[in-house]
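Those letters in the sequence shown? Residues 1 to 91, by the UniProt record's numbering.
For every residue, glycine included, the Cβ atom is placed at its ideal position computed from N, Cα and C.
Working notes for the structure below.
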Amino acid sequence: MAVIITDICINCAACIDECPVEAIVDEDDNPTGEEIYYVYADKCVECVGYHDVPACAEACPTEGCIQWDDVVEGMPASENRGEKGTPVIED
1 MAVIITDICI NCAACIDECP VEAIVDEDDN PTGEEIYYVY ADKCVECVGY
51 HDVPACAEAC PTEGCIQWDD VVEGMPASEN RGEKGTPVIE D
């Protein structure tokens with residue numbers, strides 16, 4: 001699973017500089033068109049094998065902006081989520 005950058009992102013670029021696999025792009029290159037940074041899930045490794053926690057999360061000055069598997073336990077995996085703005089119904 002990849003890290004998730006939430007909408008409280010302040011676009012400071014700290015995460016981009018720290019990502020060891022260059023999985024994060026700025027708002028100009030965000031394929032969704034949103035004005036926040038974007039993580040390519042197919043590239044992100046959550047820093048497994050590099051750091052104890054994702055390097056982007058450690059570098060981020062905005063607490064709670066970057067979430068990952070350990071933080072969002074119980075949240076459905078990204079491939080199981082619906083479109084933005086639709087409710088998630090858990091069993």
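Once the 5 residues before and after residue i are set aside, which same chain residues still bring their CB inside 6 Å of it?
i: N30; result: Y38
i: T6; result: C65
i: A23; result: V39, Y40, K43 and C44
i: residue 94; result: Given a span of 1 to 91 for the chain in the structure shown, any question on residue 94 remains unanswerable.
For residue i and residue j, which I take to be in contact (beta-carbon distance under 8 Å), what is that distance rounded to the nearest angstrom?
i: A41; j: A2; result: 4 Å
i: C9; j: C47; result: With 8 Å as the limit, C9 and C47 do not qualify as a contact, their Cβ atoms being about 18 Å apart.
Please work out which residues of its chain come closer than 7 Å, Cβ to Cβ, to residue i, disregarding the five sequence neighbours upstream and downstream, and give them in chain order.
i: T32; result: Y38
i: Y50; result: P20
i: Q67; result: V3, I4 and T6
i: V71; result: With a pLDDT of only 47 at V71, under the threshold of 50, the placement of this residue in the model should not be trusted; the figure read from the coordinates follows. Answer for V71: no residue qualifies.
Within 7 Å: the Cβ of residue i and any heavy atom of the ligand FAD?
i: D28; result: Within the structure as shown, the ligand FAD is missing, as the structure has no ligands at all.
Could you tell me whether the Cβ atoms of residue i and residue j are closer together than 8 Å?
i: V25; j: C44; result: no
i: E18; j: A59; result: yes
Is DSSP giving residue i helix, strand or coil here?
i: I36; result: coil
i: I16; result: helix
Could you tell me which of the options sits nearest to residue i, measuring between CA atoms?
i: I36; options: C15, C19, D52 and A59; result: C15
i: N11; options: Q67, V53, T62 and A23; result: T62
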